[in-house]
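Count the sequence shown with the numbering used here and you get residues 66 to 525, in order.
The beta carbon of each residue, even a glycine, is placed where N, CA and C say it ideally should be.
The block underneath contains the structure these notes are about, expressed in structure tokens.
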Amino acid sequence: MPEGVFGRSDAEIDVLVRGMRSGIAVVGFGYIGTVIGAVLADRGWPVTGIDVRQNVVEEINLGKTTVPEPGLSELVSDNVRVGRLRATTDFGVLAENDFVIVTVGTPLGSDFEPIVDDIKAAARAVGEHLHPGHLVILKSTVPPDTTEKLFRPIIEEASGLRAGVDFGLAFCPERVAEGQAIRELTSLPIVVGAIDERSARACATLWRHALGVDSVVVDDPRTAEMVKLADNVWIDLNIALANELAKLCDRLGIDVLQVIDAANTMTKVNHNVNILMPSMGVGGYCLTKDPWFVNHLGQSLGLELAIPRTSRTVNETMPAYTYGLLRQLLAEQGKAIETSRIAVLGIAFKSNTGDCRLTPTKHVVALLEQTGCELAVHDPWVADEEALTVTKIPLTANIESAVEDADALVVLAGHREFHQIPLVRLADLAAASCVFLDGRNSFDPAAVRAAGFVYKGIGR
Ligand SMILES: NC(=O)c1ccc[n+]([C@@H]2O[C@H](COP(=O)([O-])OP(=O)(O)OC[C@H]3O[C@@H](n4cnc5c(N)ncnc54)[C@H](O)[C@@H]3O)[C@@H](O)[C@H]2O)c1
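Here's what the structure looks like:
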């Protein structure tokens, strides 16, 4: 019988996977790698995270993570304690793991091109330690053909093994959203684009037993690579549509959320119209770069695509637009922003996460800082060190101190903690006729007004 999972019959793989008798190595233990590794370990699998960052490895082995995903710290500490999860910088551990999942980063270059250096380095290191029977699954977001034309040849050259003969290879995009990644990992179907049928079947077996989710098998890795980009272009464009509707509704004095809720009841073909939420901006590691990947891809093929550029351009206007709303609102109260006391609530790029990577809140805070206004910044989800990537102003530890005597409350992340404190308590602390700018449309305008604030949302 061959070693490993690849090359075995479907029934053998099924038995191995069902019994969790194969280890899983996750290469790249950052945001996504840690979530995948911890969830798989929690479902009973022996998981080894491999990362080039020694500090990340040490942290994990102490049962800790700084990845600010709700529920993740507990999963990491529980599973490290029982010995199902560990981390290392040594790729030699691949020998003990049949499945190799690669989740290294793919940042954006200065010309908006994808940087695939980490993919290349990971491919080489994996190749140098690959054994016959391994199934390698790339999950990083990459342009079409990366798995087959970049990742595969490097692994084959470094290992002397052949994909589809000695080892299996597939691309499975990661589509979970931060803030709900743990739940989505065990509920969203996984797209599988493999180099051959045996790799596809081994992947689908793994996902079915490991995460309890269905696989959507597409023709090849390049199709699966395109699926991820299509998803993110759709999301960014849809939010851009919501944001432009919000700007229109602001001018017209219409509540954009009522418009969107009602518009979304219309069925088109088999689905409802599904306009997403307008907000003060789009941030994070995916939506800010993946449309640019698509734009770059179009240019490399001689195509001038309008959509990715448009969605990015529209969404990038939102922080300045939000700042403009605040200036106007304060002026209506007879106040100038420069002499006001402003409390910014939430600087993470998304509600209920502490991730500040490429957060649009940074632009609003920078505009406020330039005015010389008195600024307090509070975010219960963001670590002090992460906050420094947004502003040099130290975070105010509690919401009450941040809000005290404020002329404006500016909600840039709609964290659940902000909803747990009674609005009347905040209104009591704040200055008279305090403006409440809800940059995430996460509050009920009537309730905010009833508490005594002057409310404004994005498009409402
Ligand atoms: N963050 C998200 O919400 C999200 C969602 C879906 C898809 N993705 C995609 O998943 C990928 C990873 O994203 P992330 O947010 O986890 O990035 P990240 O920067 O948090 O993590 C990447 C990790 O890879 C490690 N690394 C880099 N080179 C390495 C190498 N040669 N060997 C081993 N480890 C190496 C880094 O040290 C880092 O810990 C990206 O392609 C991203 O586009 C991210």
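>> Rounded to whole angstroms, what is the Cα-Cα separation between ASN303 and LEU341?
In response: Each residue's alpha carbon lies about 6 Å from the other.
> Between VAL321 and ARG525, is the Cβ-Cβ spacing less than 7 Å?
Replying inline: Contact: yes.
>> Going by DSSP in three states, ASP261 sits in which element: helix, strand or coil?
In response: Three-state DSSP puts ASP261 in coil, outside helix and strand.
> If you run the structure through DSSP and keep just helix, strand and coil, what is VAL292?
Replying inline: Reduced to three states, the DSSP call for VAL292 is helix.
> When DSSP labels each residue in this structure, what does PRO373 get in the three-state scheme?
Replying inline: Helix, per DSSP.
> What whole-angstrom Cβ distance do PRO238 and VAL281 have, given they're in contact under 8 Å?
Replying inline: In fact, because the Cβ distance is near 10 Å, the residues do not count as touching under 8 Å.
> Cβ of ASP444 within 6 Å of any heavy atom in ligand 1?
Replying inline: Flag unset: Cβ of ASP444 not near ligand 1.
>> Between VAL141, ALA187, LEU105, ALA275, which has its C-alpha nearest VAL82's C-alpha?
In response: The alpha carbon of VAL82 has as its nearest neighbour, out of VAL141, ALA187, LEU105, ALA275, the alpha carbon of ALA275.
> For TYR386, does the three-state DSSP call read helix, strand or coil?
Replying inline: For TYR386, the three-state secondary structure derived from DSSP is helix.
> How many angstroms separate the CA atom of LEU440 from the CA atom of ILE180?
Replying inline: When rounded, the distance between both Cα atoms is 37 Å.
>> At 3 residues or longer, what runs of the beta strand (DSSP E) sit wholly inside the region 262-339?
In response: Those beta strand (DSSP E) runs which fall completely within the region 262-339 and span 3+ residues are 280-283.
> What whole-angstrom Cβ distance do TRP446 and GLY419 have, given they're in contact under 8 Å?
Replying inline: The beta-carbon separation of TRP446 and GLY419, rounded to 4 Å, stays under the 8 Å limit for a contact.
>> Among the candidates MET291, LEU294, ALA295, ASN329, whose CA atom is the shortest distance from the CA of ALA307?
In response: Ranking MET291, LEU294, ALA295, ASN329 by Cα distance to ALA307 puts ASN329 first.
>> I want to know whether the region 490-507 touches the region 453-472 - three or more CB-CB distances under 8 Å.
In response: In this structure the region 490-507 lies against the region 453-472, because at least three pairs of beta carbons, one per stretch, are closer than 8 Å.
> Where does TYR96 fall in DSSP's three states?
Replying inline: It is helical.
> Between SER224 and ligand 1, is the CB less than 6 Å from at least one heavy atom?
Replying inline: SER224: no, Cβ never under 6 Å from ligand 1.
> alpha helix (DSSP H) containing HIS428: first to last residue?
Replying inline: From DSSP, the alpha helix (DSSP H) with HIS428 extends over 426-436.
> Thinking C-alpha only, which one of ILE300, THR168, ASN506, LYS354 is nearest ALA311?
Replying inline: Cα-wise, what sits closest to ALA311 is ASN506.
> How many angstroms separate the CA atom of LEU313 from the CA atom of LEU391?
Replying inline: Rounded to whole angstroms, LEU313 to LEU391 spans 17 Å at the Cα level.
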